[in-house]
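Participant:
Protein chains: 2
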Amino acid sequence: MKINTNYLNLNESYLFSTIARKVNEYKAQNPDKEIIRLGIGDVTLPLVKPVVDALKKASGEMGIKETFRGYGDEQGYGFLREAIMKYYADTKRVNLELSEIFVSDGAKSDIGNILDIFSKDNTVLIPDPVYPVYADTNVMDGRKTVYMQATKENNFLPLPDESVKADIIYLCSPNNPTGAVYNRAQLTEWVGYALKNRAVILFDAAYECFVADKSLPTSIFEIEGAKECAIEFCSFSKTAGFTGTRCGYTVVPKALIVDGTPLNKLWLRRQTTKFNGVSYIVQRGAEAVFSPAGQIEIRRNIETYMNNANLLDSALAKKDVYHTGGKNSPYIWFECFDGMESWAFFDYLLTRYGLVGTPGAGFGSNGKSFFRLTAFNSYENTLKAVSKLLK
Amino acid sequence: MKINTNYLNLNESYLFSTIARKVNEYKAQNPDKEIIRLGIGDVTLPLVKPVVDALKKASGEMGIKETFRGYGDEQGYGFLREAIMKYYADTKRVNLELSEIFVSDGAKSDIGNILDIFSKDNTVLIPDPVYPVYADTNVMDGRKTVYMQATKENNFLPLPDESVKADIIYLCSPNNPTGAVYNRAQLTEWVGYALKNRAVILFDAAYECFVADKSLPTSIFEIEGAKECAIEFCSFSKTAGFTGTRCGYTVVPKALIVDGTPLNKLWLRRQTTKFNGVSYIVQRGAEAVFSPAGQIEIRRNIETYMNNANLLDSALAKKDVYHTGGKNSPYIWFECFDGMESWAFFDYLLTRYGLVGTPGAGFGSNGKSFFRLTAFNSYENTLKAVSKLLK
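Protein chains in written order, with this note's numbering: chain A, 1244 to 1634; chain B, 1244 to 1634.
1) Which first and last residues belong to the alpha helix (DSSP H) in which E1255/B is found?
2) In the DSSP assignment, what residue or residues form a beta bridge with D1371/B?
3) How many Å lie between L1341/A and A1483/A at the Cα?
4) At the level of alpha carbons, what is the spacing between I1223/A and F1361/A?
5) Whole angstroms are fine: how far does the CA of E1268/A sit from the CA of F1345/A?
6) Measuring only the C-alpha atoms, how far is E1219/B from K1562/B?
7) P1401/B touches chain A at which residues, Cβ-Cβ below 8 Å?
8) Give me the chain A residues within the contact set of A1442/B, using Cβ-Cβ distance strictly less than 7 Å, ordered along the chain.
9) For P1289/B, go through chain A and note every residue whose CB falls closer than 9 Å to its CB, in chain order.
10) Compare the C-beta of R1542/A with all C-beta atoms of chain B and state if any pair is closer than 9 Å.
11) What number of angstroms, rounded off, separates the C-alpha of G1537/A from the C-alpha of K1292/A?
12) Near I1278/A, what residues of its chain come up, given a Cβ to Cβ distance below 7 Å and the 5 sequence neighbours on each side ignored?
13) Nearest to C1415/A by alpha carbon, out of G1605/A, I1541/A, Y1574/A and D1590/A?
14) What in chain A is Cβ-close to I1360/B, meaning under 8 Å?
15) Please classify G1282/A as buried or exposed, where buried requires at least 16 other C-beta atoms within 10 Å of its C-beta.
16) Taking only runs that begin and end inside the region 1541–1615 of chain B, name each unbroken alpha helix (DSSP H) of 4 or more residues, in chain order.
17) So with Cβ pairs under 9 Å, would you call S1352/B a contact of chain A?
18) Pick from V1443/B, R1489/B, T1515/B and N1519/B: whose alpha carbon is nearest that of N1519/A?
19) List the residues of chain A that R1324/B touches, going by C-beta distances under 9 Å, in chain order.
20) Along chain A, in chain order, which residues have C-beta atoms closer than 7 Å to that of V1434/B?
21) Taking only three categories from DSSP, how would you classify P1460/B?
22) In chain B, which residues lie with their C-beta within 7 Å of the C-beta of L1253/A?
23) Does the distance from the CB of V1286/A to the CB of F1606/A come in under 9 Å?
24) Grab the span of the beta strand (DSSP E) containing F1345/A for me, first residue to last.
25) In chain B, what lies closer than 7 Å to Y1314/A by C-beta?
26) Output yes if chain B places a C-beta closer than 9 Å to the C-beta of T1380/A; else output no.
27) Is it true that the region 1615–1629 of chain A meets the region 1383–1402 of chain A, where meeting means three or more beta-carbon pairs spaced less than 8 Å apart?
28) With DSSP as the reference, please indicate the residues paired to Y1492/B in a beta bridge.
29) How is the alpha helix (DSSP H) around Y1523/A delimited, first residue to last?
30) Does DSSP classify Y1413/B as helix, strand or coil?
31) So, does the CB of L1506/A fall closer than 9 Å to a CB anywhere in chain B?
32) Does the beta carbon of S1458/A come closer than 9 Å to any beta carbon on chain B?
33) Check this for me: beta carbons of P1417/B and Y1377/B, under 9 Å apart or not?
34) Helix, strand or coil for D1322/A, going by three-state DSSP, please let me know.
35) Spatial neighbours of M1391/B within its chain, please: C-beta separation below 8 Å, excluding the five flanking residues on both sides.
36) Classify I1307/A as buried or exposed, calling it buried when 16 or more other Cβ atoms lie within 10 Å of its own Cβ.
Take a look at the structure:
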């Protein structure tokens, strides 16, 4: 018996445990000081009423013989896939087939599991800074990884480098952690690179709902040719507060063919073999997100978060601090004040103002003098944070 | 870009699609004839009231700011893992630590995903006949597979063959498709073999709740030494009708160490990187399975199914047909009448009696003259089937 020794090459991340330890030490030494947490990457507003009503109704159906549901299709119920198909058609003018949509328990699962269908011999291109899952899941498989540099010089939106050969490309837009959003011309460059190099783009669209600027694409499939070179991952987590309810979806276009094999067919085989679908109850909840009442209410929640993001964005602009995000993203990524490094800046904000954020160094070497704040706390707390940042 | 070409080595299974086609053809030709389906591998009784109440209550909590839950621990909420821990202690006299229990969306996912932590160089030992997921998931990884022969001679309970070297061993007891159940002495042999050969047993206990005979083990961990060589998979699917609600759990003992690396640590890393936990709502539903009222009601459902199984078992005994299962399992596996091969027997039962089951050939070469019936239809339909089988 041999283990997968690639696991031994994984770095342990101490980012969030170190933050927690530092905050606890500060609290112990300063029991009367208020702490404002803008490091939260989780939503805080509850599920909207149409979703809760749908969850309760579906729970009731499961208790009655005539409406009980056993195994569903691994790729999701038709009612939910149809709602997603309509959402793409109505809001992104992207036409999908039902069989191109796969419902899952979340984007993180699919982003990890999609690697099953690719050879270990591919080279992976990942941005720095990065959502750690992209890198770790490839370390687990022993794939060669090269990094693209996201820096102040390119506004944290790296573009293709023709001298770099990559087979699998991770793009996340709006980005976590930087909040930066690719425009149409930039995504067109990436699609061109992928088509030319026969690479596949794994496009993480988990934050698409925060894009307010209508000129910005919210799906890679808005770009011509993307259906021949991209897979898109999306989630109800941030869109509709499903971080604890668990539902997402992945789009694998039929036109995406590698060496004669449609990746849609491989992913279908992967999911039907190693997955048994998402809870019927949860899928009914997700369907309600797309109802007219559901859309109105989730939009209100998104606006609440974006109002917070805009407060932070304006404060940093006023202070003339270089930053990305905050406009079409719940994340704000900014240069640490006075040339500080990100951990020193973390200590500074905590001890001086009781303000907690996330040091950029935790997301990669290009984050070492940057800092991430999020829009998921309350309006009141965000206002307090802003007043402290402006001091 | 290269795909995982191991996928091209997978056999397409036409088992259930062929059955569906044959049944549809028969129905078209015989519109007035009644069809009785005893091929169902899915539960048919609805969720019990304590579970439905818990699902509704948790849905309501998610709609209120004070009780809303965002991301939970990937390995499951403490309340559910504590209930599982208590279930093992009370019903199996197996003491587990909380950190040895991982809640998931189902046993199929975990049985597939667990292979991530093992090297591709291991040799896998799989029974024939078999639940196809064991074989297919290893084909996807390109692992070498050897088969152990489950036949009439060993009552479909193969024991270790010292001349066969294997690193990963799949055992399923009560078995799908044969319904055969290993006794304590037999499992002790397997644990001995695994410890001697430094192999890991993947023990599928999805049907443990159907074991009525108190002398039979319902967990591999009832066997001394198993914590050093086994991982156990279990599910609420058949126990509590969760096939469409989706919840299961996997036990990875801390004492299971390969080349100095605890597999518990690897699985925790796999799950925290590629999974985000099960819906809070579903976990509350699963917790209610273990409540006193939940236990009484799920036991009543299990008895309903077992009553059907016993009917089939008695009928075959009366007819003096060799069979396994039916006593401590919802599956009945029997020798086709008059030396027929399983597909011919399928046609015979369908065209003569309108009775639908599953040909053993669909589960492996040792099933070619065997047939599977299940206990998941109604009492009335099972009675009808029995009267036809006894003709």
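Every residue gets a Cβ at the ideal spot worked out from N, C-alpha and C, and that includes glycine.
Facilitator: For this structure:
1) Counting from 1 along the second sequence, the entry for residue 1255/B is found at position 12. It is not in any alpha helix (DSSP H) - E1255/B carries neither H nor E in the DSSP assignment.
2) Here residue 1371/B is taken as the residue at index 128 of the second sequence, counted from 1. In DSSP, D1371/B forms a bridge with Q1392/B.
3) Translated into positions along the first sequence, residue 1341/A becomes position 98. Translated into positions along the first sequence, residue 1483/A becomes position 240. Taken atom to atom, the span from the alpha-carbon of L1341/A to that of A1483/A is near 22 Å.
4) Nothing about residue 1223/A can be reported from this structure: the residues present for chain A run from 1244 to 1634 only.
5) Counting from 1 along the first sequence, the entry for residue 1345/A is found at position 102. Counting from 1 along the first sequence, the entry for residue 1268/A is found at position 25. Their Cα atoms are separated by approximately 45 Å.
6) Since the first and last residues shown for chain B are 1244 and 1634, residue 1219/B lies out of range.
7) Here residue 1401/B is taken as the residue at index 158 of the second sequence, counted from 1. Identification of chain A residues near P1401/B by a Cβ-Cβ cut-off of 8 Å yields none; the smallest Cβ-Cβ distance measures about 20 Å.
8) Here residue 1442/B corresponds to residue number 199 of the second sequence, with the count starting at 1. Result: M1244.
9) Taking the second sequence and counting its residues from 1, the one referred to as residue 1289/B is at position 46. Within 9 Å Cβ-Cβ: E1304, M1305, G1306, I1307, K1308, E1309, T1310 and F1311.
10) As a working note, residue 1542/A is residue 299 in the first sequence. Taking a beta-carbon distance threshold of 9 Å, R1542/A does not count as an interface residue toward chain B.
11) Indexing the first sequence from 1 puts residue 1537/A at position 294. Indexing the first sequence from 1 puts residue 1292/A at position 49. Approximately 8 Å between the Cα atoms of the pair.
12) Residue mapping note: residue 1278/A aligns to position 35 of the first sequence, counting from 1. Contacts found: V1266, K1270, G1597 and V1599.
13) Residue 1415/A sits at position 172 when you count from the first residue of the first sequence. Cα-wise, what sits closest to C1415/A is Y1574/A.
14) Along the second sequence, read from residue 1 onward, the residue named residue 1360/B stands at position 117. Those within 8 Å of I1360/B in chain A are I1246, N1247 and Y1250.
15) Locating residue 1282/A in the first sequence gives position 39, where the first residue counts as 1. The residue is buried, with at least 16 neighbouring Cβ atoms inside 10 Å.
16) 1585–1596
17) For the purposes of this step, residue 1352/B is identified with residue 109 of the second sequence, where counting begins at 1. It does: the Cβ of S1352/B has a partner Cβ on chain A nearer than 9 Å.
18) As a first step, residue 1519/A must be located in the first sequence, where it is residue number 276. Taking only the C-alpha atoms, the option nearest N1519/A is R1489/B.
19) Within the second sequence, the letter at position 81 stands for residue 1324/B. Those within 9 Å of R1324/B in chain A number zero; the least Cβ separation is about 16 Å.
20) To locate residue 1434/B, count along the second sequence from 1; it is residue 191. Think of a sphere of 7 Å around the beta carbon of V1434/B: no beta carbon from chain A falls inside it, the nearest being about 14 Å out.
21) Counting from one through the second sequence, the residue named residue 1460/B turns up at place 217. Looking at P1460/B - three-state DSSP - the assignment turns out to be coil, as it is neither helix nor strand.
22) On the first sequence, position 10 is the one that residue 1253/A refers to. Ordered by position in chain B, the residues that pass the 7 Å Cβ test against L1253/A are R1512.
23) Translated into the one-based positions of the first sequence, residue 1286/A becomes position 43. Translated into the one-based positions of the first sequence, residue 1606/A becomes position 363. Contact: no.
24) Here residue 1345/A corresponds to residue number 102 of the first sequence, with the count starting at 1. Per DSSP, F1345/A belongs to the beta strand (DSSP E) from I1344 to S1347.
25) For the purposes of this step, residue 1314/A is identified with residue 71 of the first sequence, where counting begins at 1. Neighbours of Y1314/A on chain B, chain order: D1285, T1486 and G1487.
26) Position 137 of the first sequence, counting from 1, holds the residue named residue 1380/A. Taking CB atoms only, T1380/A has a neighbour in chain B less than 9 Å away.
27) no
28) The residue you call residue 1492/B lines up with position 249 of the second sequence. Looking at the DSSP assignment, Y1492/B forms a beta bridge with V1346/B and C1477/B.
29) Along the first sequence, one-based indexing puts residue 1523/A at 280. Taken as a continuous stretch (DSSP letters only), the alpha helix (DSSP H) holding Y1523/A covers Y1523 to V1532.
30) Translated into the one-based positions of the second sequence, residue 1413/B becomes position 170. DSSP, read as helix, strand or coil, puts Y1413/B in strand.
31) The residue given as residue 1506/A occupies position 263 in the first sequence. L1506/A counts as touching chain B.
32) One-based indexing of the first sequence puts residue 1458/A at position 215. Cβ-Cβ to chain B under 9 Å: no for S1458/A.
33) Here the question's residue 1417/B lines up with position 174 in the second sequence. Here the question's residue 1377/B lines up with position 134 in the second sequence. No, the pair does not count as a contact, with Cβ atoms beyond the cut-off.
34) For the purposes of this step, residue 1322/A is taken as residue 79 along the first sequence, with counting starting at 1. Per the sequence shown, residue 1322/A should be read as Phe rather than Asp. Three-state result, F1322/A: helix.
35) The count along the second sequence starts at 1 and reaches residue 1391/B at position 148. Counting only Cβ-Cβ distances below 8 Å, and skipping sequence neighbours, we find L1368, I1369, P1370, D1371, P1401, D1404 and V1407.
36) Here residue 1307/A refers to the residue found at position 64 when the first sequence is read from its first residue. Here I1307/A is exposed, its C-beta having fewer than 16 other C-beta atoms within 10 Å.
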